[in-house]
Amino acid sequence: MRGCCCRDYWFVSREEFDRRLANGDFLEWVEWPWGEHKRAGTLWSEIERITGSGRPVLLELETGGALAVRDRIPGSVTIFITAPNREELERRLRARGTESEGEIEERLVQALEQSKLAGEFSYTIVNDRLERAIDELEGIVRREIATAGTISEP
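According to the working numbering, the sequence shown is numbered sequentially starting from 1.
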């Protein structure tokens, strides 16, 4: 089955995902216990396409995926972004209104587990004030791109 492109994602059948997984086509992948699409991954071919054009790759990943990328691509920079505390994370999840009560509880448990891995990342940003967190993220990305020295502007 052909994938369907939806902005930054391609949706494929379970069979296609399993085939690509067995072929080693994914740089990283993750499976969630909630949501309509329970598995997602980053294809090596997409990384190669982007880096082949001389552009940086910026991925938004779950903790496990980010650490897999770090381990598989030397020099990768990882940034752990977190809410200031559990209560604020819960408030944000409830305000979105996109998860059931059970899914919210699962996400809170997952967030606690993920927070234990924050020290494994190159940087940590506490998203307590959105504008400040954005500025911090932009600063890190700009510094890292400048340090790499191989990136051309789009």
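Every residue gets a Cβ at the ideal spot worked out from N, C-alpha and C, and that includes glycine.
Neighbourhood of residue i by C-beta, 6 Å cutoff - its chain only, sequence neighbours within 5 removed
i	result
R19	none
D135	none
Close beta carbons around residue i, own chain, < 8 Å, minus the five adjacent residues each side
i	result
V77	S122, Y123, I140, E144
V69	L27, E28, T42, L59, L61, S76, T78
R72	L27, E28
Minimum C-alpha distance to residue i - residue among the options
i	options	result
N127	S100, A68, N85	N85
Rounded Cβ spacing between residue i and residue j (contact assumed at less than 8 Å)
i	j	result
E28	T51	The Cβ separation is near 15 Å, so there is no contact.
T82	S45	Their Cβ separation, rounded to whole angstroms, is 31 Å, which puts T82 and S45 out of contact at 8 Å.
I79	L137	7 Å
L108	E99	The pair is not a contact, with the Cβ atoms about 10 Å apart (cut-off 8 Å).
G64	V30	6 Å
A111	L89	6 Å
Where the alpha helix (DSSP H) through residue i begins and ends
i	result
V109	101-115
L21	14-22
G41	Here G41 belongs to no alpha helix (DSSP H); instead the beta strand (DSSP E) covers 39-43.
Residue i, enclosing beta strand (DSSP E) - first and last residue
i	result
F121	Where F121 is concerned, there is no enclosing beta strand (DSSP E), given that its DSSP letter is neither H nor E.
T82	79-82
T98	Neither: T98 is in no beta strand (DSSP E) and is coded neither H nor E.
V30	26-31
Cβ shell of residue i (< 7 Å), same chain only, five flanking positions each side left out
i	result
G97	none
K38	E31, W32
V57	I47, I50, T51
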